[in-house]
Amino acid sequence: MEFRLLGAVSVVTEAGGLSLGPVKRRSLLAALLLRPNCPVQVEHLMAALWEQEPPARARGVIQGHVSQLRELLTGAGARAHGVQLVTQGGGYVLRMPRALLDVHRFEELVAGARGQRGPGEAVAMYREALSLWQGPALADVCASPPLLAAAQALEEVRLAAVEQLAARYARLGEHAGAVAVLRAETVAYPLRESLSAALMGALHRAGRRSEALDWFHRTRRLLADELGVDPGRELADAYTAALHGAEGDVAQATAGDRTKAAAVRLPCPVTMTDVALPAAVPDVAARPGVPDLLPRAPRGFHGRAAELVALSQAAEGEAAICLVTGPAGVGKTALALHWAHRGRAGFPDGRLYADLRGFGDTGEPPLVEVLREFLLALGVAQNRIPESANGAAALFRSLAADRQLLVVLDNARDSGQVRPLLPGGRRCVTVVTSRHRLPGLIVTDAARPVAVDVLGPQDGTMLLAGVLGTDRVRAEPEAARRLAELCGGLPLALRVTAARLAQRPGWPLGAMADELSDETGRLGLLDVEDTGVRAALHLTLQQLPWDVSHQFAHLGRHPGTHVDRYTAAALAGTNPAAAESCLEHLAAAHLATETASGRWTLHDLVRLYARSLDAGPHALKRLLDHYIATALAAMAAAEPGNEGDFPPPADYLPPAAVQEFGDRSAAVAWYAAERDDLTLAVAAAHAAGLHGRTWRIVLTLWPLIVWRVRDGWVPLLETALAAARADADAHGEARVLNVLGWVLIEEGRIAEAQTRLGAASALAARAGDPVAEANALIVLAVAQAALGGPDKAAQGCERAVELARTTGNRTTERLALQHLARHRADAGKWRQALDTATEALAFDDRPGAADVPRILLLQVKGEALLGLGDEAEGIRQLDRAAREAEACGYEDGAVRVLGVLLRVSADAGLQGRYDAAVARLTTRS
0 MEFRLLGAVS
10 VVTEAGGLSL
20 GPVKRRSLLA
30 ALLLRPNCPV
40 QVEHLMAALW
50 EQEPPARARG
60 VIQGHVSQLR
70 ELLTGAGARA
80 HGVQLVTQGG
90 GYVLRMPRAL
100 LDVHRFEELV
110 AGARGQRGPG
120 EAVAMYREAL
130 SLWQGPALAD
140 VCASPPLLAA
150 AQALEEVRLA
160 AVEQLAARYA
170 RLGEHAGAVA
180 VLRAETVAYP
190 LRESLSAALM
200 GALHRAGRRS
210 EALDWFHRTR
220 RLLADELGVD
230 PGRELADAYT
240 AALHGAEGDV
250 AQATAGDRTK
260 AAAVRLPCPV
270 TMTDVALPAA
280 VPDVAARPGV
290 PDLLPRAPRG
300 FHGRAAELVA
310 LSQAAEGEAA
320 ICLVTGPAGV
330 GKTALALHWA
340 HRGRAGFPDG
350 RLYADLRGFG
360 DTGEPPLVEV
370 LREFLLALGV
380 AQNRIPESAN
390 GAAALFRSLA
400 ADRQLLVVLD
410 NARDSGQVRP
420 LLPGGRRCVT
430 VVTSRHRLPG
440 LIVTDAARPV
450 AVDVLGPQDG
460 TMLLAGVLGT
470 DRVRAEPEAA
480 RRLAELCGGL
490 PLALRVTAAR
500 LAQRPGWPLG
510 AMADELSDET
520 GRLGLLDVED
530 TGVRAALHLT
540 LQQLPWDVSH
550 QFAHLGRHPG
560 THVDRYTAAA
570 LAGTNPAAAE
580 SCLEHLAAAH
590 LATETASGRW
600 TLHDLVRLYA
610 RSLDAGPHAL
620 KRLLDHYIAT
630 ALAAMAAAEP
640 GNEGDFPPPA
650 DYLPPAAVQE
660 FGDRSAAVAW
670 YAAERDDLTL
680 AVAAAHAAGL
690 HGRTWRIVLT
700 LWPLIVWRVR
710 DGWVPLLETA
720 LAAARADADA
730 HGEARVLNVL
740 GWVLIEEGRI
750 AEAQTRLGAA
760 SALAARAGDP
770 VAEANALIVL
780 AVAQAALGGP
790 DKAAQGCERA
800 VELARTTGNR
810 TTERLALQHL
820 ARHRADAGKW
830 RQALDTATEA
840 LAFDDRPGAA
850 DVPRILLLQV
860 KGEALLGLGD
870 EAEGIRQLDR
880 AAREAEACGY
890 EDGAVRVLGV
900 LLRVSADAGL
910 QGRYDAAVAR
920 LTTRS
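For what it's worth, numbering that gives the first Met the number 0 labels the leading residue of the sequence shown as 0, then goes sequentially.
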């Protein structure tokens, strides 16, 4: 088994590479591999998996990915290689031999090469180390600051190894080898002076002095153009060495070269702006004849340090195009203008600006009018400007070819609107802002995207302070932070809020926060005249096709926070493929965000706007029926034979397609991902009076309730009980009472559980529902056993067995036998317990089957064998139960069985098995 970070993150076994799944799971693995055998806190993992503020359910997402990674590694035989992913404190540890990690092998080989006296051995070790790289480190993970920093650190180590390899080649006299190694890296990193100096030295020693001199001049020009600095001492020394080599070679050098060599000096200190634009060029704001069409710099601009750096990095290189994208009102224009004004000294030939009005209701400006304004600013006489757009664009490109211009194209609708306005000069920089992602511009023109998201609470509070004054915000810090959160970090919403407060200087911030907390009036408060969140979102939406707008309006009827293609299809009454296409359009327009592969969410204010639109009366019903159908499919995959057998509602609206679950793990993952939204759907159904759907959705959560029985399910089950009674459905009421009683038992509320379960049994008998009656008797027996009556409990289970057999329901019969075996074991009736458990296990004829009842039966069987004196076989059955529980993710069952194994091993003096049980229990704590 091998773990790779030097390239795409991967795990390779003898059978081939493992499929690690979505990018966040690969990023999680990368974060753990960067600190092998060390605890990595959940907070660090959040920072690694999300580029911006993590969502509210970040911990749950991480837990899900950890579970999937555990299962994947276990299935690949990781434990045999000493690899184990365990929980420790508030984080996770990937325990593993470091030799399995390519980064560790790379470091060992590099350290070994440095210690070699012979250059030949060192070259071989450096080459072997560098051969471990399969591409850029961490090539396919989230672009989060921690992972980007780690990738950059690894890349620095790799480049240092390349330079050291070249030095060892030089000691061997293999200068051509050094040139071959260095040239590719120097092309990739043209501003890294140590690489250029090393390449010049290798070329010089290889007898290619003229190439070395050419490389110096090329690097010098780049340093001047990009950074505004002169070559450093290392590069200057390499140039001098190449220039003043053997006498014959010196004679070939030009007088100009000698002059430039004499002029080479150490760079003087250069003041850089806070956005890393060159400030070595004098301020040209007042120079006559230099065009400057930029609007005034935005006032009250705050934060955005990461975005400013990203914009500066995107502006590097020849003819750079920076694509600033984000949702309406997020501050794209403010960011671009702030950056442009702060870095104006880097563009001595002028700054051009055009508002393309791609999302306005006044229409887009004609292309030829924008070009005419640009040409006039560049000094072209009115009568010399071509009348056609193509002619004007050609003239603009020719004038920009040799200039250092900044062109800001604001509010672009699509790539086609932008392309004719690109200057094309290699020293020009174009900044485009858009609510759409404009992938065409990335593909055809190598535009570099800079995403702009909402502000964090601290930056949002500072924005308020910039308008209202620091004293007013400091007087109510909690209220100010609450305002920032209610505005969702959206700068437009924050500025509207600040404007309202500025007009009422005596009004407390807390009062404004109280008003905004009412969702029904929030959007109205965030509008000022014709400006505001609602107006901005309306302009974005009206640019989209009808089917996308239709889908967006229906998303507002979703009571939860996330949708997938099936959920979106159910809401809009369409099919999953069409829904997914619409979601992708909405994401491209920054009206939706894909938080994980195939899962989208809306910003809170965007969701409120969607809810204000007309989506028709049936969207909620379709959504609820989609949840019922999907949960039943998940239940069938997770607990085969235990599917709910209740009929659908009378006015059931079946979805166009139901998600399929290939195995239990897929169903478990769906339940885990959808739990919060399913709970919110229950509340929405109950509030809408859709009682039949309310209790049905709750009952479809049965597998999740079993796996997480102590997660506070009673309020949800009480809601389902009230709905079943309002629906006058005795079958539904009896089944809800049954599940409620079982949860109450697990919470230690035995007397209350007995009351609920007695009512469930009687109600099911009156309704003529023997299966529900049998289930109620089974759970009632658990309560009776908890109160010290295993014989009475056994009698109830015997009656449940009879009821199940009258209906031919083998699943319920098996469940009744399982509990009967448990009660007989608790009463010390070991032979009867063993026979009953064996009979129930015979029901399970599926090869390799592993579910909760089977695990519990294996536990009873093991205990019964121990009670009958067969210690070896009893321990073997208990160990089997524990391993099956661990394999299928039944945490409570694994802990219980391991606890029994622990006691048995201690009593029997089996130290090795005792230690193993302790270790396994520790990983589950």
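Cβ atoms here follow ideal geometry from the backbone N, Cα and C, with glycine treated the same way. Small disclaimer: the values here were computed from a predicted structure and weren't measured.
Note: V85 is bridge-paired with V92 in the DSSP secondary-structure output.
The beta carbon of L864 is closer than 7 Å to those of L833, E872, G873 and Q876 in its chain, skipping five residues each way along the sequence. A687 sits close to L619, with the two beta carbons spaced by under 9 Å. The alpha-carbon separation between C37 and R97 amounts to approximately 12 Å. Within the stretch 764-841, no beta strand (DSSP E) run of at least 3 residues lies entirely inside it.
In this structure, the alpha-carbon of G615 lies about 31 Å from that of S433. Collapsing the DSSP output to three states places E593 in a strand. D603 sits buried, since 16 or more C-beta atoms from the chains shown fall within 10 Å of its C-beta.
Here L582 really is in contact with A567; their C-beta atoms are around 6 Å apart, less than 8 Å. The DSSP-derived three-state label of P448 is strand. Taking C-beta atoms as the reference points, V178 and L164 fail to come closer than 9 Å.
In this chain, the alpha helix (DSSP H) harbouring I61 covers A57 to G74. The three-state reading of DSSP puts G531 in strand, counting E and B together. Here the alpha carbon of L525 sits roughly 33 Å from the alpha carbon of G342. Three or more beta-carbon pairs separated by less than 8 Å are not found between the stretch 74-92 and the stretch 694-708, which leaves the two stretches without contact.
In this structure, D444 keeps its C-beta atom at 9 Å or more from the C-beta atom of H557. In the DSSP assignment, E52 falls outside any beta strand (DSSP E), carrying neither H nor E. According to DSSP, residue pairing for V431 in a beta bridge involves L322 and L408.
According to DSSP, D526 shares a beta bridge with G531.
Under the three-state reduction of DSSP output, T560 falls in the coil class, being neither helix nor strand. Judged by DSSP in its simplified three-state form, T573 adopts coil rather than helix or strand. L17 is a Cβ neighbour of S9, given a cutoff of 9 Å. Taken atom to atom, the span from the alpha-carbon of A7 to that of L131 is near 12 Å.
Residue pairing by DSSP places S130 in no beta bridge whatsoever. Contact annotation, G795 with L816: C-beta distance approximately 13 Å; criterion of less than 8 Å not satisfied. Listed in chain order, the non-local C-beta contacts of P144 below 8 Å within the same chain comprise A46, E50 and A305, local neighbours out to five positions each way being set aside. Taking 4 residues as the shortest admissible run, the stretch 608-660 contains the following complete alpha helix (DSSP H) segments, listed from N- to C-terminal end: 618-637. As the crow flies, the alpha-carbon of L32 is around 36 Å from that of K331. Restricting attention to L462, D401 and Y168, the CA atom closest to the CA of G488 is found in L462. Note on geometry: alpha-carbon atoms of G465 and L703 lie some 48 Å from one another.
Runs of the alpha helix (DSSP H) lying entirely within the stretch 681-749 and spanning at least 4 residues, in chain order: 690-699, 701-706, 713-725 and 729-745. Residue pairing by DSSP leaves Y889 without any beta bridge partner. In this structure, DSSP gives Y670 a helical state, which the three-state scheme calls helix. The stretch 183-250 contains, as complete alpha helix (DSSP H) runs of 4+ residues, the segments 192-204, 208-221 and 232-242 (chain order). Residue nearest to L736 within the set L762, D726, A727 and E745 is L762 (criterion: CA-CA distance). Put simply, the backbone Cα of A628 is about 58 Å away from that of R425.
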